[in-house]
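Residue numbering for the sequence shown is 108 to 192, as defined by our numbering. Step one of this worksheet: look at the structure below.
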Amino acid sequence: MCCFTIDYPKPKDELVKQLTNAIKAQKEGSFVGDTHSGRFSFLAKGFTLAGSYEIEADQVKVSIVKKPWLLSCKKIEAEIIKYLG
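Here is the structure:
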């Protein structure tokens with residue numbers, strides 16, 4: 108399991124909209140959440156990636172509960188940060 112926190116000072120409804128669009132665009136993408144918390148899952152190159160998030164002020168706490176064993180937690184964190192820009 109991976110856990111990390113991302114600073115996100117922008118409006119939280121924008122974050123939820125970005126996540127919803129990105130995850131639902133993935134194969135078998137599922138996203139349920141709001142500006143407080145949520146969960147997600149999708150297939151990436153045949154492997155499931157799943158997790159949840161909680162938003163507190165300008166911080167987003169992310170927990171990844173399922174991932175390919177070859178994919179590092181640092182890589183997942185870096186890709187999310189890059190995507191949210």
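Where a beta carbon is used, it is the ideal one built from N, C-alpha and C, also for glycine. Being a predicted model, the structure only gives us computed values, none of them experimental.
Which residues in the same chain have their Cβ closer than 6 angstroms to the Cβ of residue i, if we skip the five residues on either side of it in sequence?
i    : result
S144 : E161
C232 : Nothing about residue 232 can be reported from this structure: the residues present for the chain run from 108 to 192 only.
A185 : none
Could you check whether residue j and residue i sit closer than 8 angstroms to each other, using their CB atoms as the reference points?
i    : j    : result
F111 : L126 : no
S170 : G153 : no
K173 : T155 : yes
C109 : I183 : yes
Using DSSP's beta-bridge definition, name the partner residues of residue i.
i    : result
S179 : According to DSSP, S179 bridges with nothing at all.
Rounded to the nearest angstrom, what separates residue i and residue j at their Cα positions?
i    : j    : result
Q133 : L150 : 7 angstroms
T142 : I130 : 16 angstroms
G140 : D120 : 11 angstroms
Short of 8 angstroms in beta carbon distance, which residues of its chain neighbour residue i, apart from the five on each side in sequence? Order them along the chain.
i    : result
L191 : I113, Y115, L122 and Q125
Starting from the C-beta of residue i, find all residues in its chain whose C-beta is less than 7 angstroms away, skip the five residues before and the five after it, and write them out in chain order.
i    : result
D165 : D114, Y115 and P116
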